[in-house]
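Written below as structure tokens is the structure these notes are about.
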DNA sequence: TTGTAGGCGTTATCAT
DNA sequence: ATGATAACGCCTACAA
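Protein chains in written order, with the numbering used here: chain A, -5 to 340; chain B, -5 to 340.
Now the structure itself:
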């Protein structure tokens, strides 16, 4: 009288559909998962029952029984950052084509939190994982290997790393930009970076700066360095500090466009002309790079392509159990208005 | 020899932990979910086994048995839009405090797709749902009611609507901004809106414009209207068309900041001074509003608060089964540099 | 082509 | 405080 004779409809199950269509649950299941193997006649009947009852499979039960969830997970540092938001959007659009759902978690740039999130997504049955950057504990990589969960490391490409990845060479990109800056005669540099700890992209970019400097016989120790968090205001404040410490600075390079936008804003409010008095460079080429004025000279990064590519790699890995080769995507200098010759050149 | 005597370890289950600790699976389950009810001694033993085996509960099984997933879903039009990305980030951070996972799906502003996504998230066991705007089919609302899934409609507040919501009055906000514009003497207006179909925020904003005009004895038919999609370039193009159609336009109001940024850019490239020759207004107050120059006069919208508030409302609804009152958050004009008196005033 | 039935890994209700 | 054991809803050999 409690369980069996329940009168209230509740949520329809396979059982209900089976009963309504006068077939077994197995047949209903097949209609849904392998329609070709069931006769036209019964299939029509079953599908009708499905429709009228408003049946939708219970995901948990499905996952439990089938041992696959058609769900991929993505862990990003933050979604509030346009570069990840755009990449995720593309990632998701690509997955959707294959009827795969995306689960997102954000780690707030905190390694412990990221580990937790990875485990959580795996526990939830994520069939594959998108990770940002390769900088994480061995334990967690082992964990993934052991569970046989395919993953790709995105937003970076580094020949020294063994994990399947899709991205660009952050170091090389910043190195080439720095070379361009030096070629323009700049010698008194400032550099604003995001927090580098636990962020291999920021580290690599810094490394690129350093290397380019060395090439020219200069030292990274001579650049006015500011490390700060990710916001326009932080960029502005950092710019201010740099100019205070080193008033004859001719160029301030920034680890990303957001910081650069802040720097640019501050320069303007300080009455400095960009790039006549001081040059500024960014990195990422997000929307704001184009609308500030003068528009930011920056590194163009193929965010959407990375998201899309990561999706297709994961789909392949998950489907075929293969291990595709890492993909390096191009990043290039986007010349716009904030980088000019050093005033010293005159 | 196949199932039982499997030698390869595989993923540890409750069973394995139970065996290792010499207790029943029930006890292990209790250790994890209600530690207080099991004796100190056995608990320690069990937790040890958990640790050494690296056990993590299987989410699907858990959900299937417990009929709750600790997962909330969010369906947004797109994550590539800063306003949603920021709101989601806040939403997720708040959920995390209560150990709830967020599932995101994006509908690309397509109603049918949104319905699909809602059903998908529900099928995946979402305990509650965050929806954007109240504009959707009755069917889907009925579906949610029937399943007893709590949901809140965010980004809007409209007394005429019955669903639990958190947001601000889009119409009123645009109305007040329009009043301010008219007070400054502007009479030749242009308006750039995002696609209004299926987007009640865009509709409401347009309505606010229209109403404010009527109040002053003016007609919406006299404003040069451009409807376009969401991008900086679209805003720029629309601005161009407006000035072609109506060269004596003194102000171009925009349905959001992205379009306004485009308009501003185009104005500059057309050699127009803002706001001396032409004024521009935005809506949303996202990052870019502050960094363009002159900075955008716009409507400040509490994105993060909406995300956070939506989370806490949903948590309450899901926990207590209550139905909280809708919350209206304040939105106000953020006066900056792009809105000035009409040149006609001189 | 279709049905039967055993599992999937937990939770929760009873006893004990 | 702990242990059996029946759900939970679906998938999938295997049998018919």
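We put the beta carbon where it would ideally sit given N, CA and C, even for glycine.
| Asked | Found |
| --- | --- |
| Min CB distance residue 53/A to chain B below 8 Å | yes |
| Limits of the beta strand (DSSP E) - the one that residue 191/A falls within | Neither: residue 191/A is in no beta strand (DSSP E) and is coded neither H nor E. |
| N-terminal and C-terminal residue of the alpha helix (DSSP H) that residue 323/A is part of | Element bounds for residue 323/A: n/a, residue is neither H nor E. |
| Beta-bridge pairing of residue 66/B - partner residues as DSSP gives them | 96/B and 122/B |
| 8 Å contact criterion, which residue 273/A and residue 334/A should meet: CB distance rounded | 5 Å |
| Partner residues on chain A for residue 119/B, Cβ-Cβ distance less than 9 Å | 52, 53 and 54 |
| Cβ neighbour criterion (16 or more within 10 Å) applied to residue 149/A | buried |
| Member of 325/A, 328/A, 329/A and 320/A whose CA lies at the smallest distance from the CA of residue 154/A | 320/A |
| Enclosing alpha helix (DSSP H) for residue 301/A [first to last residue] | 297 to 314 |
| Closer than 8 Å to chain B by CB, residue 254/A | no |
| Minimum C-alpha distance to residue 228/A - residue among 200/A, 258/A and 157/A | 258/A |
| 8 Å Cβ cutoff met for residue 323/A and residue 160/A | yes |
| CA nearest to the CA of residue 289/B, picked from 102/B, 281/B and 295/B | 281/B |
| Alpha helix (DSSP H) segment containing residue 41/B, residue limits | 34 to 47 |
| Proximal residues of chain A, C-beta to C-beta of residue 95/B below 8 Å | 97, 99, 114 and 118 |
| Residue 243/A, enclosing beta strand (DSSP E) - first and last residue | Segment: none, residue 243/A is in no beta strand (DSSP E) and carries neither H nor E. |
| Three-way DSSP call (helix, strand, coil) for residue 103/A in this model | coil |
| Backbone CA spacing between residue 185/A and residue 208/A [nearest angstrom] | 15 Å |
| Backbone CA spacing between residue 14/B and residue 223/A [nearest angstrom] | 46 Å |
| Cutoff 8 Å: residue 262/B Cβ touching any chain A Cβ | yes |
| Check: residue 295/B C-beta below 7 Å from any heavy atom of the ligand ZN | As presented, the structure is devoid of all ligands, the ligand ZN included, so that no description of it is given. |
| Candidates 151/B, 226/B and 189/B: closest to residue 219/B by CA position | 189/B |
| Contact set between the stretch 278 to 290 of chain B and chain A, restricted to residues whose Cβ is under 8 Å from the partner | 281, 282, 284, 285, 286 and 287 |
| Near-chain B residues of the stretch 1 to 31 of chain A - C-beta to any C-beta below 7 Å | 5 |
| Chain A contacts from the stretch 64 to 95 of chain B (Cβ-Cβ distance under 7 Å) | 72, 73, 74, 76, 79, 80, 82, 83, 86 and 95 |
| Beta carbon of residue 269/A nearer than 8 Å to that of residue 332/A | yes |
| Residues from the stretch 208 to 230 of chain A in contact with chain B, defined by Cβ distance under 8 Å | 226 |
| Extent of the continuous beta strand (DSSP E) run through residue 293/B | 292 to 294 |
| DSSP beta-bridge partners of residue 248/B | 186/B |
| Cutoff 8 Å: residue 141/A Cβ touching any chain B Cβ | yes |
| Within-8 Å CB hit, residue 57/A to chain B | yes |
| Reference residue 73/A, options 64/B, 308/B and 96/B, closest by Cα | 96/B |
| CB contact check: residue 259/A to chain B, cutoff 8 Å | yes |
| Per-residue burial, residue -5/B [other beta carbons within 10 Å of its own, 16 or more giving buried] | With a pLDDT of only 34 at residue -5/B, under the threshold of 50, the placement of this residue in the model should not be trusted; the figure read from the coordinates follows. By the 10 Å Cβ count, residue -5/B comes out exposed. |
| Buried or exposed (CB count within 10 angstroms, at least 16 for buried), residue 118/A | buried |
| Same chain, Cβ closer than 6 Å to residue 107/B, five either side skipped, listed in chain order | 101 |
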